[in-house]
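Numbering (the working numbering), first residue to last: 2 to 570.
Positions of the beta carbon are idealized from the N, C-alpha and C atoms, including for glycine.
All values derive from a computational prediction rather than experimental measurement.
Have a look at the structure below, then the notes.
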Amino acid sequence: MKHAQGPLLTIDVEAQTAETTNIDDIVSTYIGGRGLNTRLAYERIPFDANPFGPENRLFLATGPMQHSQTSFTGRTSATALSPLTEGLLSSNAGGFISRHITGAGYAAVEIVGNADGPLALHVRDDGVEFEEVPDLAEATVPEVSEYMSDSHDIGRDQIACIGPAGENLVRFASIMTSEQRAFGRGGLGAVLGAKGVKAVTFGGTAADQVSIDWPANVADIHREAATSDHVMKQQGTTAVTPLANEMDALPTRYFSETSFEGAENIGGAIIEEKKYKRGTCSQCAFACKIPTRDEAAGIETEGPEYETVMSFGANAGVDNVVAVMKANELCDTLGMDTISCGDTVAAFLAAEEEFGNETLIESLIEQIAYREGVGDTLAEGVDRMHEELGVANWSVKGMEFSAHDGRALHGQGLSFATSNRGADHMYGGMYALEYPLVDAADSLDPEGLDGKPPVLVEKENHSAILDSGIICKFSRDFVDKSDLEAMLDTSYDHLQEVGARIVEMERAFNNARGFDRSDDDLPYDIDGLETALDDYYAARGWKDNGTVPGFENRTIPAIGSGGEAIADD
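Below, the structure written as structure tokens:
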């Protein structure tokens with residue numbers, strides 16, 4: 002099986018030391034990316050760790066596909082104990098940094114300890130440089146890029162950094178790269194902030210020494226991505242806005258409604274009008290990114306994507322696309338997840354009956370990032386502050402909801418409930434089958450849960466493999482099961498088993514922190530949910546209470562003949 006190349010680089014920011022460890026046995030089993038990160042985190046982060054404590058560890062990894070020249074492979078995975086969910090969480094970002102990490106020559110980079118900061122880490126194929134950067138305290142993401150360019154001739158595509166939100170430990174702070182691409186969900190930017198790390202840069206030519214024999218389908222996928230006339234090339238993910246609205250799957254006014262009368266003013270067609278050039282990730286010919294600008298307002302940004310159209314548009318009662326663009330750009334500049342931030346702002350708007358107040362929204366985003374005034378409360382996220390505001394708790398496992406409303410798409414609702422990451426649509430991706438955004442033969446009736454748990458298990462495992470490869474989820478129309486078999490040089494059944502173990506390690510880690518069936522819950526009712534949960538746990542071989550057998554002693558079943566159980570010594 003093809004897998005990531007190189008050792009583990011461990012950086013202790015408190016001691017300012019770096020060392021490498023051979024992890025060939027782990028990489029060969031877990032491929033790279035999320036799988037590798039999860040396996041390392043499962044073994045190396047204490048179950049009782051504080052997300053903001055020095056014992057938490059942040060892992061960054063690419064995978065074997067980052068050595069290819071094909072589309073859909075410009076992504077990187079980050080993993081740590083989340084300050085938002087309090088569970089083990091992975092998030093991945095696009096852009097161009099994946100090739101620079103690969104160039105540095107490490108299968109994974111691990112950051113441990115807490116420094117006084119702010120500190121910049123320069124990771125190269127010949128070692129690590131620790132740079133104290135006091136002038137970057139509370140610098141915005143573009144200001145970090147400007148400093149790195151002026152002082153070190155380091156491009157923005159080589160940088161992973163945090164903005165003021167990460168330094169101020171906003172629980173949904175992002176790690177940003179290329180200024181506008183985010184490791185968005187779960188607050189991993191706050192983990193870097195707690196560690197005193199303002200930025201990590203990557204470079205080197207170690208990848209030039211790696212030769213991987215790729216099958217012919219890699220070139221075919223790239224060609225099809227380049228020649229396809231796909232709506233996402235014009236509108237990005239906002240292309241789904243009218244469909245979601247029509248199906249009552251667009252959360253509106255802090256989830257009090259499921260369709261928005263102003264959807265056409267913030268959806269795909271208007272976004273396409275604002276798009277002014279092509280945007281893409283490393284090596285990708287699909288180019289589904291949407292650089293947008295409005296000359297009258299003086300705003301230029303990348304996006305918003307559909308999730309931001311929901312969170313700062315419909316869910317905030319805003320039908321002005323320029324206002325959504327401004328919110329999107331402000332979150333990128335300050336370093337925050339647009340979904341969690343938008344939902345949290347919408348909760349405040351609901352409490353104050355201020356839906357549609359664009360000026361207030363901009364002010365709240367800045368207050369959150371700097372923890373000023375009410376922003377200090379909102380920076381904790383919906384789960385921790387909803388009672389204080391007097392609004393419903395629209396979160397799962399502490400994570401705010403993304404779009405694709407589970408009240409209309411019941412399989413997606415089940416996916417929100419079971420996801421180890423919380424209310425995130427990309428973990429299982431059932432929404433794509435229920436709109437549907439796939440061929441009719443693969444589609445599902447959005448109503449009901451009968452027969453859906455086994456499908457969800459396969460989808461979650463599949464997502465884990467894509468996140469380990471690493472391959473973009475939007476490759477679904479171009480990369481099928483047989484393609485994955487050829488690209489990764491193993492059977493799909495084996496890949497499904499690897500994916501299952503990744504999901505299981507995440508669940509077992511969270512079980513050890515107190516998560517169980519009671520956390521697989523939703524703030525709304527779906528008929529048959531409890532039966533579907535029983536079927537889901539049975540399909541995974543878990544207990545009826547939502548826990549993994551043996552989680553108490555870090556035991557996870559082996560993967561075929563090449564795997565090994567993980568257990569405490």
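Going by DSSP, Ser444 is part of no beta strand (DSSP E) at all; its letter is neither H nor E. In terms of CA proximity to Val110, Thr11 leads the group Ser341, Ser444 and Thr11. Distances from the alpha-carbon of Leu379 to those of Thr71, Ala347, Thr238 and Met431 put Ala347 closest. By the neighbour-count criterion, in which a residue is buried when 16 or more other Cβ atoms sit within 10 angstroms of its Cβ, Ile213 is exposed. Between the alpha carbons of Gln413 and Phe402 lies a gap of roughly 11 angstroms.
In the three-state reduction of the DSSP assignment, Val124 falls in the strand class. Of the residues Ala501, Ser72, Ala138 and Gly470, the one whose Cα lies closest to the Cα of Glu486 is Gly470.
Minimum Cα-Cα distance from Asp468 among the listed residues Gly75, Ile300 and Glu389 corresponds to Gly75.
Between Thr178 and Ala161, the CB-CB gap stays under 7 angstroms.
Taking a C-beta distance under 7 angstroms as the contact criterion, Asp344 and Arg186 do not qualify as a contact pair. Taking C-beta separations shorter than 6 angstroms and ignoring five residues to either side along the sequence, the partners of Asn23 in its chain run Pro8, following chain order. Comparing C-alpha distances from His463 to each of Val480, Lys290, Leu410 and Arg555 shows the shortest one belongs to Val480.
Put simply, the backbone Cα of Asp320 is about 34 angstroms away from that of Glu147. Here the alpha carbon of His153 sits roughly 25 angstroms from the alpha carbon of Leu59. Rounded to whole angstroms, the gap between the alpha carbons of Gly167 and Met311 is 23 angstroms.
Closest option to Val392, judged by alpha-carbon separation, among Leu350, Val28 and Ile366: Leu350. Short of 6 angstroms from the beta carbon of Arg157, and not among the five residues preceding or following it, lie these beta carbons of its own chain, in chain order: Ser146, Ser179 and Glu180. Assigned with DSSP and collapsed to three states, Gly204 falls in strand. In the structure shown, Leu85 adopts coil according to DSSP, grouped into three states. In the three-state DSSP reduction, Asn93 falls in the strand class (E or B). Runs of alpha helix (DSSP H) with 4 or more residues, each lying fully within the region 167-213, are found at 189-195, listed in chain order. Its chain contains Ile12, Val14, Ile112, Val129, Glu130, Phe131, Glu132, Val198, Ala200, Val201 and Thr202 as the residues whose beta carbon lies nearer than 8 angstroms to that of Leu122, once the 5 sequence neighbours on both sides are disregarded; these appear in chain order.
With fewer than 16 other Cβ atoms from the protein chains shown falling within 10 Å of its own Cβ, Ser519 counts as exposed. Residues Thr71, Ser72, Phe73, Ser476, Phe479, Val480 and Asp484 of the same chain have their beta carbon placed closer than 8 angstroms to that of Ile222, with the five preceding and five following residues left out of the count. Counting only the Cα atoms, Ala352 lies some 17 angstroms from Gln368.
The continuous alpha helix (DSSP H) containing Arg508 extends over residues Tyr493 to Ala513. Beta-bridge annotation (DSSP): Pro292 is paired with Glu303. In the same chain as Ala105, and ignoring 5 residues on each side of it, the C-beta atoms closer than 7 angstroms to its own belong to Val124, Arg125, Asp126, Phe203, Gly204, Gly205 and Ala207, in chain order. Contact annotation: the region 230-241 touches the region 277-289, with at least three C-beta pairs closer than 8 angstroms.
Nearest in C-alpha terms to Val322, of all of Gly88, Ala217 and Ile272, is Ile272.
The Cβ-Cβ distance between Thr238 and Glu306 falls below 7 angstroms. At a Cβ-Cβ threshold of 7 angstroms, Gly190 and Leu170 do not count as neighbours. Around the beta carbon of Glu354, a 10 Å sphere encloses fewer than 16 other beta carbons of the protein chains shown; the residue is thus reported as exposed.
The alpha-carbon separation between Phe173 and Pro84 amounts to approximately 8 angstroms. Here Met2 is near Leu489, since their CB atoms are less than 7 angstroms apart. Only residues of its own chain outside the window of five on either side were considered, and among them Val325, Ala328 and Gly343 have a CB closer than 6 angstroms to the CB of Phe313, listed in chain order.
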